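Visitor: Before I ask anything, let me first share the structure, which is written out below as structure tokens.
Number of protein chains: 2
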Amino acid sequence: MRHISAHDIEAIALGASVYGTGGGGDPYVGKLIARNLMQRHGDVALIDIDALADDALVVSVALVGAPAVAIEKFPSTQQMVNALGAMEKFLNRRATAVMCAEAGGINSTIPFAVASQTGLPLLDADLMGRAFPEIQMTLATLHGIAATPMALSDDKGNSVVMQTTTNLYTERFARSLANDMGGGACVALYPMTGAQARVATIPGSLSMLQRAGDVLLRARRDNDDPVARLIELIGGKPLFTGKVTDVQRVTAGGWTRGTASLSAFDDALGARCQVRFQNEFLLAEIDERAVATTPDLIALLDVETGEPVTTELLRYGLRVTLVVFPCDPQWRTPEGIALAGPRYFGYDADYLPMSLEERR
Amino acid sequence: MRHISAHDIEAIALGASVYGTGGGGDPYVGKLIARNLMQRHGDVALIDIDALADDALVVSVALVGAPAVAIEKFPSTQQMVNALGAMEKFLNRRATAVMCAEAGGINSTIPFAVASQTGLPLLDADLMGRAFPEIQMTLATLHGIAATPMALSDDKGNSVVMQTTTNLYTERFARSLANDMGGGACVALYPMTGAQARVATIPGSLSMLQRAGDVLLRARRDNDDPVARLIELIGGKPLFTGKVTDVQRVTAGGWTRGTASLSAFDDALGARCQVRFQNEFLLAEIDERAVATTPDLIALLDVETGEPVTTELLRYGLRVTLVVFPCDPQWRTPEGIALAGPRYFGYDADYLPMSLEERR
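Here the protein sequences line up with chains P and L, keeping their order.
With the first letter of the first sequence counted as 1, position 215 gets the number 214 in numbering that gives the first Met the number 0; the numbers rise by one all the way through.
With the first letter of the second sequence counted as 1, position 205 gets the number 204 in numbering that gives the first Met the number 0; the numbers rise by one all the way through.
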């Protein structure tokens with residue numbers, strides 16, 4: 000166990016932006032919320048997964064909805080605590096610890112705010128090892144663990160608790176409700192025992208976010224190359240460097256969907272790159288050939304600062320490097336690829352695993 | 000208290016079709032479900048509102064969704080009992096009695112099935128004194144009573160419990176969920192005490208449905224005029240008699256919406272009538288002038304049999320009499336008209352109360 004202070008949130012949010020792979024919401028918002036609450040309510044105890052009793056109750060807390068909504072509509076503290084409270088009331092039991100549903104984006108910092116506010120410890124783990132746009136896309140689903148009972152709460156004081164027979168129904172109902180709740184909702188979901196958490200989560204993932212953020216911050220401070228240092232740390236592979244020349248983006252159905260087009264700086268090469276997204280970057284193509292696909296992690300990093308670019312902040316003229324990082328091995332199984340591979344999202348492409356030998 | 004047998008359901012369903020004013024679902028389906036269950040599980044005790052203790056717990060049970068869906072997708076018994084069970088679990092208390100949310104349509108017979116299956120008494124009352132398409136359109140709302148906690152259950156075993164700050168949010172969330180649940184859901188809602196039920200319901204309304212059905216059945220048997228006998232009983236006013244010449248109808252967003260056009264038999268008169276609906280008939284116009292509006296009850300009755308025509312069974316060539324019946328006086332207050340008057344539904348017309356002096 001170690002204490003995370005408001006000061007540490009800077010690096011964690013930056014690392015969360017890398018693992019957010021363009022989605023999961025703007026970590027800047029999550030950073031502001033978490034830092035503000037931790038300054039008021041104090042540090043968060045980040046606990047190791049082995050510290051949990053087998054019968055502990057771990058609950059994941061998150062925001063659900065189109066990331067674009069959170070930019071102008073911040074979730075309130077009360078709303079976040081309401082979702083956890085509705086879940087606890089339904090289970091008639093208090094949570095032992097809270098957890099991040101995803102390591103990436105706003106949902107990696109919001110749980111720090113909940114932990115600080117409630118005094119509960121936060122588990123150094125998550126359900127994905129990255130960010131994904133849909134609720135059922137977790138290692139928990141691969142291990143047969145239900146996302147429900149799941150509680151949703153909005154900014155008006157409304158709350159909903161659902162129990163579903165599959166995590167795909169959970170996603171469907173929650174997406175509609177998040178839409179009805181003004182585009183986004185605070186949720187508590189995937190309640191599980193300590194024993195379950197030990198098999199269905201990626202341990203140490205919040206510490207990994209912090210290390211990724213630290214390496215970027217240090218490289219900037221030292222006038223070093225942030226993108227290169229990050230790739231060294233995580234083991235990624237740069238695929239393309241160029242300028243954003245076009246962004247097609249729609250916020251609809253509870254998602255931010257679209258395509259970013261990049262052109263190489265050296266126009267003589269004529270290379271064109273397209274990155275397709277649904278909240279997260281899911282498929283990268285160079286000259287119309289797939290070069291990286293979900294469930295591997297696809298990130299666009301500012302060439303100067305290494306700052307990850309989110310899908311809702313993409314704009315013409317950004318100079319970026321496209322990088323792919325390997326996903327957790329559990330995502331590379333046939334079940335993992337069926338749950339979160341490119342075909343699930345409607346792309347006509349097979350999963351193209353990043354070769355682990357190519358890791359820098 | 001009196002016992003209602005499977006045999007009595009015939010008249011109640013027919014009366015429910017009159018008060019359903021075209022909506023509330025095909026009572027034929029509700030009749031089959033209720034009769035089948037009552038033949039297996041026995042009679043239902045229909046209790047008077049005065050028989051309730053002040054602290055009794057009364058729960059309304061109903062189907063929510065586009066009526067057209069229930070024609071081919073019958074709700075299962077288990078689904079109906081699941082919704083009540085989810086509500087009882089949430090309240091941590093068993094219901095004392097069940098109630099009909101509306102007097103009209105399928106939702107006036109489904110609760111008989113639930114009562115028979117669970118052995119709970121059914122209250123001889125309802126929340127509207129007619130059928131309305133939206134959840135917040137109840138006397139309970141006029142009396143400040145919440146529709147939540149409300150439970151929804153579907154045919155897959157999924158269930159949802161919501162707590163909202165206004166009954167309009169309840170409607171919004173439930174409509175989306177009913178859509179996601181395949182177009183319709185079984186719900187338990189408006190939990191209230193016996194004391195609340197005495198002010199926020201229309202007492203004796205199920206008995207009224209039975210009397211309306213009985214008068215139609217008797218008139219048919221006696222080769223009498225069913226429409227005339229029904230109007231005598233309830234106190235209605237015939238406005239137009241003619242043939243259905245066109246039906247525009249869309250099942251979308253959890254509703255069946257559209258317009259029926261009628262022409263007088265005597266074409267020389269050239270009279271044209273249009274009846275607009277959202278699940279229920281809400282506005283009748285003759286030669287483009289409003290002649291009857293919600294919250295008054297607008298029914299289309301077969302000229303021969305007095306059989307009410309539902310909005311989803313409307314078709315070219317039906318010969319019908321358009322009849323208006325006065326609504327409960329509570330609906331005629333400014334608050335009642337704001338909640339369920341024509342302008343709420345987007346029609347550019349003021350409420351045109353049927354004069355009570357015109358009652359036949």
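All C-beta atoms, glycine included, are put in the ideal place defined by N, C-alpha and C.
All of these numbers come straight from a predicted model, not from anything done at the bench.
Would you list, in sequence order, the uninterrupted alpha helix (DSSP H) runs of no fewer than 4 residues that lie entirely inside the stretch 219-307 of chain P?
Guide: Fully enclosed alpha helix (DSSP H) runs of 4 or longer: 225-233.
Visitor: Could you tell me which chain P residues have their CB closer than 9 Å to the CB of valine 159 of chain L, listed as they occur along the chain?
Guide: The residue you call residue 159 of chain L lines up with position 160 of the second sequence. Val159, Val160, Met161, Gln162, Thr163, Phe172, Leu176, listed in chain order.
Visitor: What is the residue span of the beta strand (DSSP E) that arginine 151 of chain L lies within?
Guide: Sequence index remark: in the second sequence, residue 151 of chain L carries index 152 (1-based). Checking the sequence, you will find leucine at residue 151 of chain L rather than arginine. Where leucine 151 of chain L is concerned, the enclosing beta strand (DSSP E) stretches over 149-152.
Visitor: Let's see if you can read the secondary structure: which residues bound the beta strand (DSSP E) around isoleucine 46 of chain P?
Guide: Taking the first residue of the first sequence as 1, we reach residue 46 of chain P at position 47. Here the beta strand (DSSP E) through isoleucine 46 of chain P covers 43-46.
Visitor: Entirely within the stretch 125-182 of chain P and at least 3 residues each: give me those beta strand (DSSP E) ranges in chain order.
Guide: List check, beta strand (DSSP E) in window: 149-152, 158-162.
Visitor: Give, in chain order, every residue of the stretch 142-155 of chain L whose Cβ lies closer than 8 Å to some Cβ of chain P.
Guide: The residues in question are Lys155.
Visitor: Using alpha carbons as the reference points, say which of L:Leu141, L:Leu188, L:Asp25 lies closest to glutamate 87 of chain L.
Guide: Residue mapping note: residue 87 of chain L aligns to position 88 of the second sequence, counting from 1. Per the Cα distances, L:Leu188.
Visitor: Within its chain, find whatever has a CB closer than 8 Å to the CB of proline 237 of chain L; leave out the 5 residues flanking it on each side and keep chain order.
Guide: One-based indexing of the second sequence puts residue 237 of chain L at position 238. The residues are Val226, Ile230, Thr320, Leu321, Val322.
Visitor: Kindly indicate the opening and closing residues of the beta strand (DSSP E) around leucine 313 of chain P.
Guide: The sequence position of residue 313 of chain P within the first sequence is 314, counting from 1. Premise fails: leucine 313 of chain P is in no beta strand (DSSP E) and is neither H nor E.
Visitor: Just how far apart, CA to CA, sit alanine 12 of chain L and alanine 102 of chain L?
Guide: Residue numbering aside, residue 12 of chain L sits at position 13 when the second sequence is read from its first letter. Residue numbering aside, residue 102 of chain L sits at position 103 when the second sequence is read from its first letter. Computed Cα separation, rounded: 10 Å.
Visitor: Looking at C-alpha atoms only, which residue of P:Thr293, P:Asn178, P:Gly241, P:Arg275 is the closest neighbour of aspartate 301 of chain P?
Guide: For the purposes of this step, residue 301 of chain P is taken as the residue at position 302 of the first sequence. When each option's Cα is compared against that of aspartate 301 of chain P, the closest is P:Gly241.
Visitor: Going by CA-CA distance only, name the one from L:Thr200, L:Arg228, L:Val58, L:Ala112 that's closest to phenylalanine 73 of chain L.
Guide: Locating residue 73 of chain L in the second sequence gives position 74, where the first residue counts as 1. Comparing Cα-Cα distances from phenylalanine 73 of chain L to each of L:Thr200, L:Arg228, L:Val58, L:Ala112, the minimum goes to L:Ala112.
Visitor: Quick one: what's got a C-beta closer than 7 Å to glutamine 329 of chain L's C-beta in the same chain, skipping five residues either side?
Guide: Mapped onto the second sequence, residue 329 of chain L falls at position 330. So the list reads Leu138, Leu141, Gly335, once near-sequence residues are dropped.
Visitor: To the nearest angstrom, report how far apart glutamate 303 of chain P and alanine 218 of chain P are at their CA atoms.
Guide: Residue numbering aside, residue 303 of chain P sits at position 304 when the first sequence is read from its first letter. Residue numbering aside, residue 218 of chain P sits at position 219 when the first sequence is read from its first letter. Straight-line Cα distance between these residues: approximately 10 Å.
Visitor: For proline 202 of chain L, name the three-state secondary structure that DSSP assigns.
Guide: If you number the second sequence from 1, residue 202 of chain L lands on position 203. If DSSP states are grouped into helix, strand and coil, proline 202 of chain L belongs with the strands.
Visitor: Could you list which residues in chain P have their beta carbon closer than 8 Å to that of aspartate 123 of chain L, in chain order?
Guide: In the second sequence, the residue the question calls residue 123 of chain L occupies position 124. Correct list: empty, because the minimum Cβ distance to chain P is about 32 Å.
Visitor: Does the stretch 92-106 of chain L come close enough to the stretch 115-131 of chain L to have 3 or more Cβ pairs within less than 8 Å?
Guide: These segments touch.
Visitor: At a CB distance below 8 Å, what residues from the stretch 197-223 of chain L approach chain P? Give them in sequence order.
Guide: Taking 8 Å as the Cβ-Cβ cut-off against chain P, none of the residues of the stretch 197-223 of chain L qualify.
Visitor: So with CB distances below 8 Å, who are the chain P contacts of tyrosine 361 of chain L?
Guide: The question about residue 361 of chain L has no answer here: the residues shown for chain L are numbered 0 through 359.
Visitor: Give me the DSSP bridge partner(s) of isoleucine 3 of chain P.
Guide: Residue numbering aside, residue 3 of chain P sits at position 4 when the first sequence is read from its first letter. P:Val43.
Visitor: Does DSSP classify phenylalanine 111 of chain L as helix, strand or coil?
Guide: Here the question's residue 111 of chain L lines up with position 112 in the second sequence. If DSSP states are grouped into helix, strand and coil, phenylalanine 111 of chain L belongs with the helices.
Visitor: Determine the DSSP secondary structure at leucine 215 of chain P, reduced to helix, strand or coil.
Guide: Taking the first residue of the first sequence as position 1, residue 215 of chain P is located at position 216. Leucine 215 of chain P: helix per DSSP, three-state reduction.
Visitor: Step through the CB atoms of chain P and report whether any lies within less than 8 Å of the CB of tyrosine 189 of chain L.
Guide: Taking the first residue of the second sequence as position 1, residue 189 of chain L is located at position 190. Tyrosine 189 of chain L does not count as touching chain P.
Visitor: Counting Cβ pairs, one atom from each stretch, are 3 or more of them under 8 Å apart for the stretch 156-167 of chain L and the stretch 158-177 of chain P?
Guide: They touch, by the three-pair rule.
Visitor: What residues of chain P sit near aspartate 179 of chain L, judged by a beta carbon separation below 7 Å?
Guide: On the second sequence, position 180 is the one that residue 179 of chain L refers to. Here the neighbours are Arg171, Phe172, Ser175.
Visitor: How about the stretch 50-67 of chain P and the stretch 202-218 of chain P: do they share at least three Cβ pairs that are nearer than 8 Å?
Guide: Contact between the stretch 50-67 of chain P and the stretch 202-218 of chain P is absent, because fewer than three Cβ pairs lie under 8 Å.
Visitor: Could you have a look at tyrosine 27 of chain L and say whether DSSP puts it in helix, strand or coil?
Guide: Counting from 1 along the second sequence, the entry for residue 27 of chain L is found at position 28. In the structure shown, tyrosine 27 of chain L sits in a helix (DSSP, three-state: H, G or I).
Visitor: Counting only C-beta atoms, is leucine 168 of chain L closer than 8 Å to chain P at any point?
Guide: Reading the second sequence from its first residue, position 169 is the one you call residue 168 of chain L. The sequence as given places tyrosine at residue 168 of chain L; leucine does not occur at that position. True, the Cβ-Cβ gap to chain P drops below 8 Å.
Visitor: Rounded to the nearest angstrom, how far is the Cβ of glycine 193 of chain P from that of valine 97 of chain P, given a contact under 8 Å?
Guide: Along the first sequence, one-based indexing puts residue 193 of chain P at 194. Along the first sequence, one-based indexing puts residue 97 of chain P at 98. Incorrect: roughly 13 Å between the Cβ atoms, too far for contact.
Visitor: What whole-angstrom Cβ distance do phenylalanine 280 of chain L and leucine 299 of chain L have, given they're in contact under 8 Å?
Guide: The residue you call residue 280 of chain L lines up with position 281 of the second sequence. The residue you call residue 299 of chain L lines up with position 300 of the second sequence. Their Cβ separation, rounded to whole angstroms, is 7 Å, which keeps phenylalanine 280 of chain L and leucine 299 of chain L in contact under 8 Å.
Visitor: Assign glutamine 195 of chain L to buried or exposed, taking buried as 16 or more other Cβ atoms, counted over all protein chains shown, within 10 Å of its Cβ.
Guide: Walking along the second sequence from the start, residue 195 of chain L turns up at place 196. Burial call: buried.
Visitor: Going along the chain, which residues of its own chain have a beta-carbon closer than 6 Å to the beta-carbon of proline 202 of chain L, five neighbours each way excluded?
Guide: What you label residue 202 of chain L is simply residue 203 of the second sequence in a count that begins at 1. If we look at proline 202 of chain L and ignore the five residues flanking it on each side, its Cβ neighbours are Ile48, Ala124.
Visitor: Using only CA atoms, which one of P:Pro110, P:Val80, P:Leu261, P:Leu351 lies nearest to leucine 313 of chain P?
Guide: Here the question's residue 313 of chain P lines up with position 314 in the first sequence. Checked all of P:Pro110, P:Val80, P:Leu261, P:Leu351; the closest Cα to leucine 313 of chain P is P:Leu261.
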